[in-house]
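Trainee: Just dropping this structure here.
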Ligand code: ZN
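Numbering (our numbering), first residue to last: 2 to 298.
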């Protein structure tokens with residue numbers, strides 16, 4: 002019998018839910034981790050509850066459960082719909098509560114966005130260790146961003162939605178209207194994976210190295226990086242997600258440097274753009290480690 006507090010964690014994604022239990026964010030035993038496909042809320046959440054019930058039946062007593070969820074999700078404790086997925090294009094999931102099924106475990110439940118949780122984990126254990134202000138951006142099916150500031154995350158009216166900022170259009174890309182259902186050519190509408198496929202019929206990694214797409218997409222994401230540096234005074238900006246690769250990261254750094262025009266002391270105090278804009282160092286573990294950090298709050 003282990004007397005240390007046991008924490009539960011859920012990384013709730015659009016294609017899969019990862020469940021884990023551990024005594025700390027980096028102490029997840031293989032036998033206490035399970036990947037569940039995201040199908041209907043009833044089936045998926047039923048499997049999630051069954052996972053934690055098995056651990057409880059083995060004598061596990063949860064001190065807290067953390068949920069790192071795809072958004073948009075209501076993270077306002079004062080709201081009557083706290084813990085619920087808000088309007089989402091994912092069929093059947095709008096309005097579904099991710100926290101209510103966990104009440105049976107009679108422990109504190111904390112919920113935040115997957116990207117805020119990833120920012121928290123990278124700030125504590127990964128690419129952002131040792132600095133106070135860390136942003137985590139994922140570029141995949143959509144573009145999401147989270148922020149960890151001095152050990153906490155930014156939440157307010159909703160949560161950061163930096164994927165939907167406006168960017169200056171590349172002159173070579175003016176014919177494309179963008180695919181965001183809300184804004185058309187916001188950043189996500191221009192630079193997410195589906196937006197890339199929509200105009201070039203291929204994923205970024207499949208296009209030739211000299212194809213202008215790399216520079217165009219890197220240019221848009223570099224504008225986001227410069228904005229994050231200016232608005233949040235971020236010391237580390239982590240770019241992850243299925244669209245990212247080394248070539249794209251280089252374009253993001255170059256654009257951010259150009260956009261900032263030497264205004265911020267990135268070289269003098271931040272160690273340069275190679276230190277400011279980086280790849281994740283926790284890889285696929287950032288979300289679940291972040292959820293365990295939330296649980297341990
Ligand atoms: Zn948008």
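All residues carry an ideal CB built from backbone N, CA and C; glycine is no exception.
Buried or exposed for residue 59, going by 16 or more other Cβ atoms inside 10 Å?
Mentor: exposed
Trainee: Under 6 Å from any heavy atom of the ligand ZN, by CB: list those residues in chain order, please.
Mentor: 165, 181, 183, 184, 187, 189, 190
Trainee: Can you check which of these residues, 209, 93, 177, 20, is closest to residue 200 by C-alpha distance?
Mentor: Ranking 209, 93, 177, 20 by Cα distance to residue 200 puts 177 first.
Trainee: The alpha helix (DSSP H) that contains residue 53, what's its start and end?
Mentor: Following the DSSP letters along the chain, one finds residue 53 inside the alpha helix (DSSP H) bounded by residues 42-58.
Trainee: My output table needs one value for residue 36: the three-state DSSP class, helix, strand or coil.
Mentor: strand
Trainee: State buried or exposed for residue 49, treating a residue as buried only when at least 16 other CB atoms are found within 10 Å of its CB.
Mentor: buried
Trainee: Quick check on the burial criterion: 16 or more other C-beta atoms within 10 angstroms. Buried or exposed for residue 117?
Mentor: Answer is buried; the Cβ neighbour count reaches 16.
Trainee: Suppose the cutoff is 7 Å on Cβ atoms and the five residues either side in sequence are ignored; what does the same chain contact list for residue 143 look like?
Mentor: 164, 189, 193
Trainee: Does the Cβ of residue 40 have 16 or more other Cβ atoms within 10 Å, making it buried, or fewer, making it exposed?
Mentor: exposed
Trainee: Roughly how many angstroms lie between the CA atoms of residue 261 and residue 224, to the nearest whole one?
Mentor: 9 Å
Trainee: Could you have a look at residue 115 and say whether DSSP puts it in helix, strand or coil?
Mentor: The three-state secondary structure of residue 115, taken from DSSP, is helix.
Trainee: Leaving out five residues on either side along the sequence, give the residues of the same chain with a beta carbon under 7 Å from the beta carbon of residue 27.
Mentor: 126, 290
Trainee: Any idea if residue 85 is buried or exposed, counting beta-carbon neighbours within 10 angstroms, 16 or more meaning buried?
Mentor: Counting other Cβ atoms within 10 Å of its Cβ, residue 85 reaches 16 or more and is therefore classed as buried.
Trainee: Is it true that the CB of residue 22 sits closer than 7 Å to the CB of residue 56?
Mentor: For the 7 Å CB-CB criterion, residue 56 and residue 22 form a contact.
Trainee: Cα-Cα, which of 231, 214, 296, 226 is closest to residue 275?
Mentor: 226
Trainee: Rounding to the nearest angstrom, what Cα-Cα distance links residue 64 and residue 111 in this structure?
Mentor: C-alpha separation (whole angstroms): 11 Å.
Trainee: What are the residues that DSSP puts in a beta bridge with residue 327?
Mentor: The question about residue 327 has no answer here: the residues shown for the chain are numbered 2 through 298.
Trainee: DSSP has residue 23 in a bridge; who is on the other side?
Mentor: 8, 29
Trainee: Who does residue 188 pair with in a DSSP beta bridge?
Mentor: Beta-bridge pairing links residue 188 to no other residue.
Trainee: If I'm right that residue 281 touches residue 123 with Cβ under 8 Å, what's the distance once you round it to whole angstroms?
Mentor: 6 Å
Trainee: Counting pairs of beta carbons, one from the region 234-250 and one from the region 166-183, are three or more of them closer than 8 Å?
Mentor: no
Trainee: Taking Cβ positions, are residue 14 and residue 53 nearer each other than 7 Å?
Mentor: no
Trainee: Counting along the chain, where does the beta strand (DSSP E) carrying residue 237 start and finish?
Mentor: 237-241
Trainee: May I ask you to report which of helix, strand or coil DSSP gives residue 76?
Mentor: coil
Trainee: Can you give me the Cβ contacts of residue 179 inside the same chain, cut-off strictly under 6 Å, excluding the 5 residues immediately before and after it?
Mentor: 185, 186, 190, 191
Trainee: Assuming residue 239 contacts residue 279 under a Cβ cut-off of 8 Å, what Cβ separation, rounded to an integer in Å, is found between them?
Mentor: 6 Å
Trainee: Starting from the N-terminal side, write out each stretch of the alpha helix (DSSP H) that is 4 residues or longer and does not extend beyond the region 194-221.
Mentor: 194-201
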